[in-house]
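First the structure, in the form of structure tokens, and then the observations on it.
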Amino acid sequence: MARHSSGPIYTTEAGVPVYGIIAEYTTPADLYRAAEMVRDAGYSRWDVYTPFPIHGLDEAMGIRRTRLPVLIACIGLTGAGLGFLMQYWMTAVDYKMVVQGKDPTSWEAYIPITFELGILSAAFTAILGMLAFNKLPMWNNPLLRKDRFLRCSDDRLMICIEASDERFDQEKTRHLLEAAGGTNVDLVEEEPEKVKTEGTGH
Amino acid sequence: MSVMHPDEASARRLAGLAAAPSAPPDPSHGDGSLVDEPGKRAPLVLGNRSFGDVTNIVCGYIENKPARWWLPAVMFTGSIAGLGGLFIGYLVITGIGTWGLNNQVDWAWDITNFVFWIGIGHAGTLISAILCLLKQKWRTAINRSAEAMTIFAVICAATFPGIHIGRQWMAWMLFPIPNANAIWPNFRSPLLWDVFAVSTYGTVSLLFWYMGMIPDMATLRDRADARMRRNPNGATILPFVPIRIDRVRTFIYGFLALGWRFSARHWHRYEAAYLVLAGISTPLVLSVHSIVSFDFATSILPGWHTTIFPPYFVAGAIFGGFAMVLLLLIPFRVLFPYMRDLITLRHLENMSKIVLATGMMVGFAYGMEFFIAWYSGSKYEQEAFLYNRLLPPFFVGEGERFAPYWWAYWSMIGCNVLSPQVFWFKALRRNPLVIFIVSFLVTIGMWFERFVIIVTSLHRAFLPGEWHMFHPTLVDIAIFVGSCGVFLTLFLLFARYLPMFAIAELKAVMPQASPHHHPPESGSGHGTTTGGH
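Quick mapping for you: the protein sequence lines, in order, are chains A and B.
Just so we're aligned: 153 in our numbering is position 153 of the first sequence, and the numbers increase by one with no gaps anywhere.
Just so we're aligned: 33 in our numbering is position 33 of the second sequence, and the numbers increase by one with no gaps anywhere.
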């Protein structure tokens, strides 16, 4: 799979295209400093992988604040509005109903369901919007093929700079990650590793 | 003090420094979590645990063979659930005359059980939403299991209104669909509000629960995947069936994890979504039990027609819900190894304090009902409280009127108001056995509260000629017991197949997770610092 990149396409010694370079860091404090260094070096297509969200790391990486809450508010209010109109139309327009002597257009009793439908649409937007903005679900990623990377879900902290970044240079990028205190600096390949297909029983 | 703080030790181990000899905890601190010094943070995870330990403990419950008690336990509770299901089938075929209902008491155990279960659910959302907004870090050890409990309780709750309508095949009329005469449902009815409130609540709780589990499912996926790569010939699901357990796990957990790969850019939006969900779940949880209380409060029946009901119901729901969380987690703390390092005595004490506080609110509401009955001057309301609920036969003279349901009322007072008072004593609210017993009493008391509200108000309404007592039948009892079986079965399955703790959140509140945390160089001089936050 070719990445959109204006720079040269890097390959490993075996000729497999490179997805990126990955490095491990020991403590959140080291990772925080390393993220600041990578940010200041001007990279844009890179990411930090941590088993839990680290407080303040988004600033260290220079991530812009997500617009997700604005989207949730808009869709939540739309859901509430549509919920109100639904009740109004059903009770006061389509089939006028007089209950407890109230005028069909009296709106006060519609508030609880309006509120609930607003919450419901906001909640769906929160989770589906989060997934969409994160481009998930995406079950396949070159990183997930990397044995070492799987430790990120346990206790390892890693930075990966992708080869599709304009400033990516196999040597310079490696030196930057090492200078930032990274250990086990390693290439990530695009294609599935051969090890994967050996001896799995089928 | 020379005793090293447990979090400090695990921070050093993470940094590759030698593990400090673990000193026994100060006996005055219980298990090490009961630090009473102001300015000193009680550790949330005990036993010098590293991040890897937390992953291993929580995933171990799923990946290792279940304890010997698990299968018999789930078979037992599953049988009870199945029996309840059979009785529901009998009820649907025969009709709700098989319940002990009569002309006067037309709501009894069905709606009691509905309000009981829906109330229990509220603790889960309180822990995951309100305590999140209040930045109570201790919630991370209990939020996952409390959220699971919420969903299972909502499932049990939703059964009862579904089957109490008599002709269950007409349940579609609850939805905004016009009936045969083109009439829409009545949107001015609190019963319809209830349908929307409970279904929204169930859906949002499910979304919240699932979203919290995405990273932990990814952890389970990665562990199974790593084992597969190390040893492709691992255990199979059954002898002679060549399907590897870890392949099944990689597939199922991997599918549910949606490809989560712990990216900081993903975490950023995840945390934003989580915070918004917590923010919108907070008014939601308060609204749900308020709307449940409108089922009663908007009627004109003495004993129901009360403005205090919404806050009173919400406090009672949180009270009963926390009691149920304690009731479930205290045995699990004994049965599951290492769980005591994650759910410490401090957690139990905090929950006991919430039980005490909400129990006092509920007690205040009980008293306030009497005050309003007297202050309003409403004869009907005074009669309802005195002669439907309060007065026992031995308190009034021979041959005088007494309240036939006095035993239900006083069970409620004893369990809900008196029993939590033991939590004023530090030694008692830190004793898991005492907490367990009180939680059990509170659970019984909260069931009786709903029974008292519903049945005692209904059984003697305005026309004395129609007064009837309510007597439950076998079907009433079997369906309620069956719902307890459903609840416990689902919880046991959850404890076996899904992460019982929010692994990522638990790690995030450990001191070594902070970018401001620096492990001491040689261990001298920093022995008791507690790390940043």
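Beta carbons are placed, not taken as given, at the ideal position from N, Cα and C, and that holds for glycine.
All values reported here derive from a predicted model rather than from experimental measurement.
Contact set for residue i: own chain, Cβ-Cβ below 7 Å, skip 5 residues either direction
i, result
"Ala513(B)", "Lys507"
"Ser352(B)", "Phe423, Arg429 and Ile435"
"Asp58(A)", "none"
"Ala73(B)", "Leu492"
"Ile113(A)", "Gly83 and Gln87"
"Lys137(B)", "Leu44 and Val509"
Beta-carbon contacts of residue i that lie in its chain and below 6 Å, excluding the five residues immediately before and after
i, result
"Ile22(A)", "Met158, Cys160, Asp186 and Val188"
"Thr105(A)", "Ala92"
"Ile354(B)", "Phe322"
"Asn184(A)", "Glu24"
"Ser411(B)", "Phe448"
"Trp184(B)", "Pro178"
Buried or exposed (CB count within 10 angstroms, at least 16 for buried), residue i
i, result
"Gly62(A)", "exposed"
"Pro331(B)", "exposed"
"Lys65(B)", "exposed"
"Asn388(B)", "buried"
"Cys132(B)", "buried"
"Phe133(A)", "buried"
"Lys146(A)", "buried"
"Asp36(B)", "exposed"
"Gln87(A)", "buried"
"Asn231(B)", "exposed"
"Tyr277(A)", "Only positions 1 to 202 of chain A appear in this structure, which leaves residue 277(A) out of reach."
"Asp103(A)", "exposed"
"Arg401(B)", "exposed"
Coil, strand or helix - residue i by DSSP
i, result
"Arg244(B)", "strand"
"Tyr49(A)", "strand"
"Tyr409(B)", "helix"
"Asp222(B)", "helix"
"Asp186(A)", "strand"
"Ala23(B)", "Bear in mind that the predicted position of Ala23(B) carries a pLDDT of just 49, short of 50, making it too unreliable to give a figure here."
"Thr236(B)", "strand"
"Glu166(A)", "coil"
"Val35(B)", "coil"
"Ala108(B)", "coil"
"Tyr25(A)", "strand"
"Met360(B)", "helix"
"Pro17(A)", "strand"
"Thr11(A)", "strand"
"Leu136(A)", "coil"
"Ser263(B)", "strand"
"Leu157(A)", "strand"
Nearest-angstrom Cβ-Cβ length linking residue i and residue j, presumed shorter than 8 Å
i, j, result
"Thr489(B)", "Thr77(B)", "4 Å"
"Phe152(B)", "Phe487(B)", "5 Å"
"Leu335(B)", "Trp69(B)", "7 Å"
"Ala146(B)", "Gly124(B)", "4 Å"
"Thr50(A)", "Ala264(B)", "6 Å"
"Pro515(B)", "Asp216(B)", "Wrong, their Cβ atoms sit about 23 Å apart, outside the cutoff."
"Ser281(B)", "Val314(B)", "14 Å between Cβ atoms; not a contact."
"Ala408(B)", "Val288(B)", "In fact, because the Cβ distance is near 25 Å, the residues do not count as touching under 8 Å."
"Ala365(B)", "Tyr312(B)", "4 Å"
"Ile118(B)", "Val292(B)", "6 Å"
"Gly88(B)", "Ile163(B)", "This sequence places Ile at residue 88(B); Gly is not what is there. Contact flag correct, Cβ pair sits at about 6 Å."
"Ile318(B)", "Ala141(B)", "Contact doesn't hold; Cβ gap of about 18 Å is too wide."
"Arg249(B)", "Gly234(B)", "Arg249(B) to Gly234(B), Cβ: 10 Å. No contact."
Neighbourhood of residue i by C-beta distance below 8 Å, restricted to the same chain and skipping five residues each side
i, result
"Glu108(A)", "none"
"Gly15(A)", "none"
"Thr66(A)", "Phe133"
"Leu207(B)", "Leu277"
"Ala122(A)", "Ile72, Ala73, Ile75, Gly76 and Gly79"
Quiz item: What are the residues of the region 287 to 314 of chain B that lie near chain A, defined by any Cβ-Cβ distance shorter than 7 Å?
Solution: Ser287 and Ile291
Practice problem: Taking a Cβ distance cut-off of 8 Å, strictly less, list which residues of the region 121 to 135 of chain A are near chain B, in chain order. | Solution: Ala122, Ala123, Phe124, Ala126, Ile127, Gly129, Met130, Leu131, Phe133 and Asn134
Quiz item: Mind listing which residues of the region 249 to 261 of chain B have their C-beta closer than 9 Å to chain E's C-betas, in chain order?
Solution: Here the protein chains are A and B, and chain E is not one of them.
Quiz prompt | Near-chain B residues of the region 68 to 95 of chain A (beta-carbon distance less than 8 Å), N- to C-terminal order | solution = Leu68, Pro69, Ile72, Gly76, Met86, Gln87, Met90, Thr91, Asp94 and Tyr95
Quiz prompt | Contact list for the region 50 to 61 of chain B against chain A, Cβ threshold 8 Å | solution = Ser50, Phe51, Gly52 and Thr55
Quiz item: According to a CB-to-CB cut-off of less than 8 Å, which residues of the region 200 to 218 of chain B neighbour chain A?
Solution: Thr200, Thr203, Val204, Leu207, Phe208, Tyr210, Met211, Pro215 and Ala218
Quiz item: Listed in chain order, which residues of the region 26 to 52 of chain A have Cβ atoms closer than 7 Å to some Cβ of chain B?
Solution: Thr26, Thr27, Pro28, Ala29, Tyr32, Asp47, Val48, Tyr49, Thr50, Pro51 and Phe52
Exercise. Could you list the residues in the region 261 to 281 of chain B with a C-beta less than 7 Å from some C-beta on chain A, going in chain order?
Key: Arg261, Phe262, Ser263, Ala264, Arg265, His266, Trp267, His268, Arg269, Tyr270, Glu271, Ala272, Ala273, Val276, Leu277 and Ile280
Quiz item: Along the region 107 to 121 of chain A, what residues have a CB closer than 8 Å to any CB found in chain B?
Solution: Ala109, Tyr110, Pro112, Ile113, Phe115, Glu116, Leu117, Ile119 and Leu120
Quiz item: What residues in the region 419 to 448 of chain B have a beta carbon less than 9 Å from any beta carbon of chain A?
Solution: none
Self-check item: Residues in the region 110 to 139 of chain B having any Cβ partner in chain A nearer than 9 Å
Solution: none
Self-check item: Interface positions of the region 150 to 172 of chain A facing chain B (Cβ-Cβ less than 7 Å), listed along the chain
Solution: Leu150, Cys152, Ser153, Asp154 and Asp155
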